[in-house]
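Participant: The C-terminal position of the sequence shown is numbered 346 in the numbering used here, with every residue numbered one higher than the one before it.
Backbone N, C-alpha and C define an ideal beta-carbon position, used for all residues, glycine too.
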Amino acid sequence: MDSIRIVFFGTAEFAAAILNRLYEDGHQVVGVVSQPDRPIGRKHLIEPTPVHALAEAHGTSCIAPRNLKEEPEGVLAMKPDLIITCAYGQFVPDVILEAPRFGCLNIHPSALPKYRGGAPIQRTIWNGDSSIDICLMEMVHAMDAGRIFARTSVPVDPDETSGHLFRKLAPLAADLLSENLPKYLNGELAGEPQDERQKTIARNISREEEQIFFEKEQMPELYNHCRALLEEPGPYGMIDHKRIKFLEVRMEQTEEPAVPGTILDIQNHAMRIACRGGILKVIRLQMQGKNAMDADAFMNGAGRNLIGRQFE
35 MDSIRIVFFG TAEFAAAILN RLYEDGHQVV GVVSQPDRPI GRKHLIEPTP
85 VHALAEAHGT SCIAPRNLKE EPEGVLAMKP DLIITCAYGQ FVPDVILEAP
135 RFGCLNIHPS ALPKYRGGAP IQRTIWNGDS SIDICLMEMV HAMDAGRIFA
185 RTSVPVDPDE TSGHLFRKLA PLAADLLSEN LPKYLNGELA GEPQDERQKT
235 IARNISREEE QIFFEKEQMP ELYNHCRALL EEPGPYGMID HKRIKFLEVR
285 MEQTEEPAVP GTILDIQNHA MRIACRGGIL KVIRLQMQGK NAMDADAFMN
335 GAGRNLIGRQ FE
């Protein structure tokens with residue numbers, strides 16, 4: 035078969051692992067599409083996305099349209115035979131989906147048809163699921179609704195965060211694509227339609243969902259909520275009108291007779307917070323306007339007067 039002209043769509047580190055495997059496998063990546071560069075970190079420095087940076091390192095042309103639906107010309111000019119997407123972050127219009135002769139493939143980390151949408155890993159953890167799938171699927175007009183060409187299942191550890199799970203799944207997703215792309219191009223994969231009756235939506239994490247309300251959730255749901263938001267965007271609680279972001283947490287299933295949200299003490303290098311049905315142990319945190327620190331340093335400094343106080 036002649037060399038296939040591949041255009042890759044992606045933005046995050048997870049997607050960069052897929053693109054890197056395409057390079058390693060010797061595929062002809064003729065163009066890359068990513069999200070526009072955005073301010074990063076506390077200093078708000080403008081940096082390219084991980085996918086954009088990788089494309090530049092390999093000398094591949096990369097475009098970053100702000101609205102792909104209104105600006106499809108850049109993609110069409112690349113004359114793709116195949117489009118592969120992963121964690122891109124924009125709706126891909128039909129005029130692009132219909133252009134490649136080999137169609138469009140997407141790598142989606144969920145047990146489809148469960149968790150269609152932009153936050154499948156976070157919602158999988160938040161709901162306490164013990165496993166997650168990676169799917170190689172057909173892209174169609176409806177979101178994440180195409181045929182499944184290949185999938186693999188991966189266990190989710192009970193203390194795993196979304197950040198850790200992203201890193202664990204990335205090389206496995208790259209393996210899935212690497213093993214099945216030749217079969218797909220040779221017409222060996224028929225694809226399995228999804229059961230629309232089983233679909234669920236993994237909507238993006240809202241700003242309101244980043245805040246932890248200790249009165250509203252009980253263990254283990256509250257712990258799963260925290261795990262789902264680590265490392266980004268990061269769960270937080272409010273105390274004295276200040277935000278404390280939780281950077282590393284664990285769950286303790288013993289219960290204390292205290293109002294949920296009360297800071298109990300510090301034990302074994304963790305700040306212990308009373309919860310309904312257990313205790314949240316915060317090992318690392320970041321107070322608003324301060325650098326990240328471990329719980330010991332916090333309780334010896336800014337947090338020394340907070341024992342017995344209650345999160346809002």
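1. With 16 as the cutoff for other CB atoms within 10 Å, does Gly65 come out buried or exposed?
2. Would you mind working out which of Asp71, Met305, Arg310 sits nearest Asn339, comparing C-alpha positions?
3. Using three-state DSSP, classify Asp328 as helix, strand or coil.
4. Considering Cα atoms alone, identify which of Pro127, Glu242, Arg157 is closest to His175.
5. What are the boundary residues of the alpha helix (DSSP H) that includes Asp209?
6. First and last residue of the alpha helix (DSSP H) that includes Asp387?
7. Would you tell me roughly how many angstroms separate the C-alpha atoms of Ile313 and Pro106, rounded to the nearest one?
8. With DSSP collapsed to three states, give me the class of Ile155.
9. From His92 to Ser144, what does the alpha carbon distance come to, in whole angstroms?
10. Closer than 8 angstroms by C-beta to Asp167: which residues in its own chain qualify, once you throw out the five before and the five after it? Chain order, please.
11. How long is the line joining the alpha carbons of Leu79 and Gly225, rounded to whole angstroms?
12. From Ala121 to His198, what does the alpha carbon distance come to, in whole angstroms?
13. Could you spell out the range, first to last residue, of the alpha helix (DSSP H) harbouring Ile52?
14. If you follow the alpha helix (DSSP H) that Tyr149 is in, where does it begin and where does it stop?
15. If you measure between the beta carbons of Ala153 and Ile246, is that distance less than 8 angstroms?
16. In angstroms, rounded to a whole number, what distance separates the CA positions of Asp193 and Ala133?
17. Considering just the uninterrupted stretch of the alpha helix (DSSP H) at His259, what are its terminal residues?
18. With Gly108 as the anchor, note down where its beta strand (DSSP E) starts and where it stops.
19. Can you list, in chain order, the residues of its chain whose CB lies under 6 angstroms from that of Glu47, leaving out five sequence neighbours each side?
20. Give me the DSSP bridge partner(s) of Met321.
21. Using the rule of at least 16 other Cβ atoms within 10 Å of the residue's Cβ for burial, across every protein chain shown, is Pro291 buried or exposed?
22. What does the Cβ neighbour count give for Val293, buried or exposed, with the cut at 16 atoms within 10 Å?
23. Excluding sequence positions up to five away, which residues of its chain have a Cβ less than 6 angstroms from the Cβ of Ile235?
Facilitator: According to the structure shown:
1. The sequence position of residue 65 within the sequence shown is 31, counting from 1. Buried, because 16 or more other Cβ atoms sit within 10 Å of the Cβ of Gly65.
2. For the purposes of this step, residue 339 is taken as residue 305 along the sequence shown, with counting starting at 1. Among Asp71, Met305, Arg310, the Cα nearest to that of Asn339 belongs to Met305.
3. Here residue 328 refers to the residue found at position 294 when the sequence shown is read from its first residue. Looking at Asp328 - three-state DSSP - the assignment turns out to be strand.
4. Stepping through the sequence shown from its first residue, residue 175 is reached at position 141. Of the candidates Pro127, Glu242, Arg157, the one whose C-alpha sits nearest the C-alpha of His175 is Pro127.
5. For the purposes of this step, residue 209 is taken as the residue at position 175 of the sequence shown. Element bounds for Asp209: 196-219.
6. The structure shown has nothing for residue 387, since the chain only spans 35 to 346.
7. What you label residue 313 is simply residue 279 of the sequence shown in a count that begins at 1. What you label residue 106 is simply residue 72 of the sequence shown in a count that begins at 1. Pro106 has its alpha-carbon roughly 51 angstroms from the corresponding atom of Ile313.
8. Mapped onto the sequence shown, residue 155 falls at position 121. DSSP places Ile155 within a helical segment (H, G or I) once states are collapsed to three.
9. As a working note, residue 92 is residue 58 in the sequence shown. As a working note, residue 144 is residue 110 in the sequence shown. So the alpha carbons of these two residues sit roughly 30 angstroms apart.
10. Reading the sequence shown from its first residue, position 133 is the one you call residue 167. Apart from the 5 residues on each side of it in sequence, Asp167 sits with its Cβ closer than 8 angstroms to the Cβ of Pro143, Ser144, Ala145, Leu146, Arg185, Thr186, Ser187, Val188 in its chain, given in chain order.
11. As a first step, residue 79 must be located in the sequence shown, where it is residue number 45. As a first step, residue 225 must be located in the sequence shown, where it is residue number 191. Going by the C-alpha atoms only, they are around 43 angstroms apart.
12. For this step, residue 121 is matched to residue 87 along the sequence shown. For this step, residue 198 is matched to residue 164 along the sequence shown. Put simply, the backbone Cα of Ala121 is about 16 angstroms away from that of His198.
13. The residue you call residue 52 lines up with position 18 of the sequence shown. From DSSP, the alpha helix (DSSP H) with Ile52 extends over 47-58.
14. On the sequence shown, residue 149 is found 115 positions in, with the first residue counted as 1. Element bounds for Tyr149: n/a, residue is neither H nor E.
15. As a first step, residue 153 is located in the sequence shown; it is residue number 119 there, counting from the start. As a first step, residue 246 is located in the sequence shown; it is residue number 212 there, counting from the start. No, the Cβ-Cβ distance between Ala153 and Ile246 is not below 8 angstroms.
16. Taking the sequence shown and counting its residues from 1, the one referred to as residue 193 is at position 159. Taking the sequence shown and counting its residues from 1, the one referred to as residue 133 is at position 99. Asp193 and Ala133 have their C-alpha atoms roughly 43 angstroms apart.
17. For the purposes of this step, residue 259 is identified with residue 225 of the sequence shown, where counting begins at 1. Going by DSSP, His259 is part of the alpha helix (DSSP H) stretching over 255-263.
18. Your numbering for residue 108 matches position 74 in the sequence shown. Judged by DSSP secondary structure, Gly108 falls outside any beta strand (DSSP E) and instead within the alpha helix (DSSP H) spanning 107-110.
19. In the sequence shown, residue 47 corresponds to position 13, counting from 1. Taken in chain order, the residues that qualify are Pro84.
20. What you label residue 321 is simply residue 287 of the sequence shown in a count that begins at 1. Paired residues: Ile278.
21. For this step, residue 291 is matched to residue 257 along the sequence shown. Exposed: under 16 other Cβ atoms inside 10 Å.
22. Taking the sequence shown and counting its residues from 1, one reaches residue 293 at position 259. By the neighbour-count criterion, in which a residue is buried when 16 or more other Cβ atoms sit within 10 angstroms of its Cβ, Val293 is exposed.
23. Residue mapping note: residue 235 aligns to position 201 of the sequence shown, counting from 1. Arg150, Gly151.
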